[in-house]
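Chains A and B are the protein sequences, given in the same order. The first sequence runs 86 to 391 under the numbering used here. The second sequence runs 259 to 478 under the numbering used here. Only one structure is covered here, and it is reproduced in the block below.
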Amino acid sequence: MSFQINFKRVFNFALSDFSRNKGISIAAIFILITTTLLFTGLFFLHGISDFLVSTIRDKIDITAYFKSDAVESDILTVRDDIIKVSPDVRRVEYVSKEEALTAFNKRHGESDVISRALSEVGGNPFLPSLNIITNGSPEQYENIANLLEGDEYGNLIEKVDFSEKRDTIEKVFSITSGLSRFGLLMGALLALTAAFVVFNTIKLVIENSKEEIATMKIVGAANWFIRAPFVIEGALFGIAAFLFCFFATVLIVFFLSRGLSVILPGFSLLAYYMHSLWVIALIQLVSGVGLGVISSYVVVRKYLKI
Amino acid sequence: MTKIYEPDMVVLQDISFEVSKGEFVSIVGKSGAGKTTLVKLILGLEKPTYGEVFFAGENVSELDGASLQNLRKRIGGIYQDYKLLPAKTVFENVAYIMEVEGRENEDIEVEVPKVLEAVGLAEKTNNFPDELSGGEQQRLAVARALVNQPDVVIADEPTGNLDPYNTYEVISLLQKINNVGKTVILSTHDREIVNKLGRRVITIEAGRIVRDEPKGRFII
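Below, the structure is given as structure tokens:
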């Protein structure tokens, strides 16, 4: 007997059970939809919290002001040293005295009081600087701070603008990493609970067929022949849940995206969704079909022990 | 062979008998005498505590999962509670047995209507078991037991839930099966059936065989 015919048979068994027990099928699909949407929601929350954390960390920068007479080539050496110490630093920007003045004028050009004050001071009062944005890790922040505050550049650097913010920065780091850990833990707990609920729903569905499984066993059906239709049915529940969730997510993202960008400026839910489309689809497929199949497999195994 | 359920409930004790090919054997006894346990032991659904059960030379309790399933395919079972597949139609219930056996679809299309005709269920092909009367359900169980032409048919209290008319029908079917050379093992506590059959009777009382007569009667 060919594999093809056998597969067709067990597939047909699954399909007819699926359509004959509509109430049970709908209940199982509903639970899988809830779980899959929960997983999807957790993924989006993860994206939003990542965005928030990186927004906060982006604001953490270090500015090194050099002495007024520092030569540009020395300043660029310091920049190269910073990149050498922390190759993955997000940005090191050199701002010359002139650029600083131009930027200042651009910002306050129309204010008479300020232009008068500047001409009173005479010349260009601004200092050349290096503006450094770290990748957000506390270690990198520490490394750069040590380099700039060290003796090596003591005669070049006028002041480093971070000392005052240091405590705050450490607090932010500890809060954001604490939040990430808490989010991960809560997410894992929720996901585990949801998986447990799915397992028990499938268990109830199959419990209905307990006697039937025993009968199949008595008439000599091989274990795989008994189990396959239930596993396929679990997959069908999962596919139905996946399709529903996939389209529901498109709609939800479409309608929520605009509102969310008002609350979170700079964050586009739609762009995030499009960027992670395949990952989200995979999560939905795995949580729907995977949970359906694994639960069915495990539950039937229990009843097959005759 | 002895079967003891933990901790110390002796259901069958020092049972020993042999059934030859083509025989019609009735196993009789009061409810709780151990008849159903005996059937389960033959099907490998239970293991003996002491001793062995052989089917066509194979030690049933030593068979692995797949071999046990192959053995069960060679036995047609009929039970008091019918043991039908409630989510499948009459046709599908019978076809399932042939599918388990791996028979071709063309064979199934030909054989199933034939066997349903033989048990008088041709008109009920598309009904579900719960749409059938008790007698019809048991006839469906008989059809299912026959369709693969097994070596042995075991009927465990097949008439327990049936009225006299349906009882007669089912017993007649079992006799027909035996007439074409199949071995039939009938477990029952119905005195009238046993006395009318006039075939070999094994009487069990309190887990022991008290009589084994080639042309026996129901005496308890």
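Just so it is clear, CB atoms sit at the ideal spot from N, CA and C, and this is done for glycine as well. All values reported here derive from a predicted model rather than from experimental measurement.
Answer yes or no: do B/I300 and B/V283 have a C-beta to C-beta separation smaller than 9 Å? Here residue 300 of chain B corresponds to residue number 42 of the second sequence, with the count starting at 1. Here residue 283 of chain B corresponds to residue number 25 of the second sequence, with the count starting at 1. Against a cut-off of 9 Å, the Cβ pair of B/V283 and B/I300 comes out as no contact.
Near B/R466, which residues of its chain fall below 6 Å by C-beta distance, leaving aside the five closest residues on each side in sequence? Here residue 466 of chain B refers to the residue found at position 208 when the second sequence is read from its first residue. Cβ contact annotation for B/R466 (same chain, cutoff 6 Å, sequence separation greater than five): Q271, in chain order.
Would you say B/Y354 reaches chain A, if we count a Cβ-Cβ gap shorter than 9 Å as a contact? Along the second sequence, one-based indexing puts residue 354 of chain B at 96. At a cut-off of 9 Å, the C-beta of B/Y354 has a neighbouring C-beta in chain A.
Compute the Euclidean distance between the alpha carbons of B/E415 and B/E369, then round it to the nearest angstrom. In the second sequence, the residue the question calls residue 415 of chain B occupies position 157. In the second sequence, the residue the question calls residue 369 of chain B occupies position 111. Their backbone Cα atoms lie some 27 Å apart in a straight line.
Around the C-beta of A/S259, are 16 or more other C-beta atoms found within 10 angstroms, so that it is buried, or is it exposed? What you label residue 259 of chain A is simply residue 174 of the first sequence in a count that begins at 1. Under this definition A/S259 is an exposed residue.
If B/D409 and B/T441 are in contact, beta carbons under 8 Å, what's the gap, nearest whole angstrom? In the second sequence, residue 409 of chain B corresponds to position 151, counting from 1. In the second sequence, residue 441 of chain B corresponds to position 183, counting from 1. About 6 Å separates the beta carbon of B/D409 from that of B/T441, a gap short enough to meet the 8 Å contact definition.
Would you call the region 315-323 of chain A in contact with the region 373-383 of chain A, where contact means no fewer than 3 C-beta pairs closer than 8 Å? With the cut-off at 8 Å, the region 315-323 of chain A and the region 373-383 of chain A touch.
A/K93 classed as buried or exposed, judged by whether at least 16 other C-beta atoms fall within 10 angstroms: The residue given as residue 93 of chain A occupies position 8 in the first sequence. By the 10 Å Cβ count, A/K93 comes out exposed.
Kindly indicate the opening and closing residues of the alpha helix (DSSP H) around B/V358. The residue given as residue 358 of chain B occupies position 100 in the second sequence. Residues 348-359.
DSSP-derived helix/strand/coil call for A/I317: For the purposes of this step, residue 317 of chain A is identified with residue 232 of the first sequence, where counting begins at 1. Correct three-state label for A/I317: helix.
What number of angstroms, rounded off, separates the C-alpha of B/I451 from the C-alpha of B/F476? For this step, residue 451 of chain B is matched to residue 193 along the second sequence. For this step, residue 476 of chain B is matched to residue 218 along the second sequence. If I take the Cα positions, the gap works out to 9 Å.
Can you name the start and end residues of the alpha helix (DSSP H) that A/R142 belongs to? The count along the first sequence starts at 1 and reaches residue 142 of chain A at position 57. First-last of the alpha helix (DSSP H) with A/R142: 107-143.
Along chain A, in chain order, which residues have C-beta atoms closer than 8 Å to that of B/N328? For this step, residue 328 of chain B is matched to residue 70 along the second sequence. Here the neighbours are G305.
Coarse secondary structure for B/Y337, derived from DSSP in three states: Here residue 337 of chain B is taken as the residue at index 79 of the second sequence, counted from 1. It is a strand residue.
Interface residues of the region 223-239 of chain A facing chain B [CB-CB below 7 Å]: Cβ contacts with chain B: none found.
Evaluate A/Y238 with the Cβ neighbour count: other Cβ atoms within 10 Å of its Cβ, from every protein chain shown; 16 or more gives buried, anything less gives exposed. What you label residue 238 of chain A is simply residue 153 of the first sequence in a count that begins at 1. When all chains shown are included, A/Y238 counts as buried.
Can you list, in chain order, the residues of its chain with a C-beta nearer than 6 Å to that of B/K293? Leave out the 5 residues immediately preceding and following it. Within the second sequence, residue 293 of chain B is the residue found at index 35, counting from 1. I285, G287, S445, listed in sequence order.
Applying a beta-carbon distance threshold of less than 8 Å, which residues of chain B neighbour A/R94? Numbered from 1 along the first sequence, position 9 holds the residue referred to as residue 94 of chain A. Scanning chain B for C-beta atoms nearer than 8 Å to the C-beta of A/R94 yields E357, reported in chain order.
Out of B/P422, B/R402, B/N437, point me to the one whose CA is closest to B/R332's CA. Working through the second sequence from its first residue, we reach residue 332 of chain B at position 74. Residue B/R402 is the option with its Cα nearest to B/R332.
Could you tell me whether the Cβ of A/E292 comes closer than 9 Å to any Cβ of chain B? Taking the first residue of the first sequence as 1, we reach residue 292 of chain A at position 207. Cβ-Cβ to chain B under 9 Å: no for A/E292.
Applying the 10 Å Cβ sphere with the 16-neighbour rule, what's the burial state of B/K382? The residue given as residue 382 of chain B occupies position 124 in the second sequence. Its Cβ being crowded by 16 or more others within 10 Å, B/K382 is buried.
How many Å lie between A/T148 and A/L137 at the Cα? In the first sequence, residue 148 of chain A corresponds to position 63, counting from 1. In the first sequence, residue 137 of chain A corresponds to position 52, counting from 1. Each residue's Cα considered, the two are about 23 Å apart.
Hey, how far is the Cα of A/L161 from the Cα of A/I217? As a first step, residue 161 of chain A is located in the first sequence; it is residue number 76 there, counting from the start. As a first step, residue 217 of chain A is located in the first sequence; it is residue number 132 there, counting from the start. About 13 Å.
Would you mind reading off the limits of the beta strand (DSSP E) that contains A/Y150? Working through the first sequence from its first residue, we reach residue 150 of chain A at position 65. 146-151 is the extent of the beta strand (DSSP E) around A/Y150.
How many Å lie between B/I355 and A/I90 at the Cα? As a working note, residue 355 of chain B is residue 97 in the second sequence. As a working note, residue 90 of chain A is residue 5 in the first sequence. As the crow flies, the alpha-carbon of B/I355 is around 15 Å from that of A/I90.
Could you pull out every residue in the same chain whose Cβ sits closer than 6 Å to the Cβ of A/Y226, ignoring the five residues on either side in sequence? Against the first sequence, residue 226 of chain A aligns to sequence position 141. Shown here for A/Y226: same chain residues with a beta carbon closer than 6 Å to its own, the five before and five after excluded, namely T219 in chain order.
Residues near A/K152 by beta carbon distance below 6 Å, same chain, minus five either side: Translated into the one-based positions of the first sequence, residue 152 of chain A becomes position 67. E243.
Please return the same chain residues whose Cβ sits closer than 8 Å to the Cβ of A/T278, not counting the five positions on each side in sequence. Sequence index remark: in the first sequence, residue 278 of chain A carries index 193 (1-based). Nothing meets the Cβ criterion.
Work out the CA separation of B/L432 and A/G377 for me, nearest whole Å. Your numbering for residue 377 of chain A matches position 292 in the first sequence. Your numbering for residue 432 of chain B matches position 174 in the second sequence. Rounded to whole angstroms, the separation of the alpha carbons of B/L432 and A/G377 is 44 Å.
Provide the residue(s) that pair with B/F313 in DSSP beta bridges, ordered along the chain. One-based indexing of the second sequence puts residue 313 of chain B at position 55. For B/F313, which the question treats as bridged, DSSP gives the partners B/E316.
Tell me, please, which residues DSSP counts as bridged to B/Y308. Against the second sequence, residue 308 of chain B aligns to sequence position 50. Looking at the DSSP output, B/Y308 bridges to B/T260.
Does any CB atom of chain B fall closer than 9 Å to the CB of A/I133? Here residue 133 of chain A refers to the residue found at position 48 when the first sequence is read from its first residue. Not closer than 9 Å to any Cβ of chain B, the Cβ of A/I133 fails to qualify, so no.
By DSSP's criteria, B/K473 is part of a beta bridge. Which residues make up the other side? Taking the first residue of the second sequence as 1, we reach residue 473 of chain B at position 215. According to DSSP, B/K473 bridges with nothing at all.
Under the three-state DSSP convention, the category B/D272 falls into: Position 14 of the second sequence, counted from the start, is the residue given in the question as residue 272 of chain B. In this structure, DSSP gives B/D272 a state outside helix and strand, which the three-state scheme calls coil.
Any C-beta of chain B within less than 9 Å: which residues of the region 102-131 of chain A qualify? So the close ones are D102, R105, N106.
Short Cβ contact (9 Å threshold) for B/V352 with B/F386: The residue labelled residue 352 of chain B in the question sits at position 94 within the second sequence. The residue labelled residue 386 of chain B in the question sits at position 128 within the second sequence. Result no, Cβ atoms of B/V352 and B/F386 do not sit closer than 9 Å.
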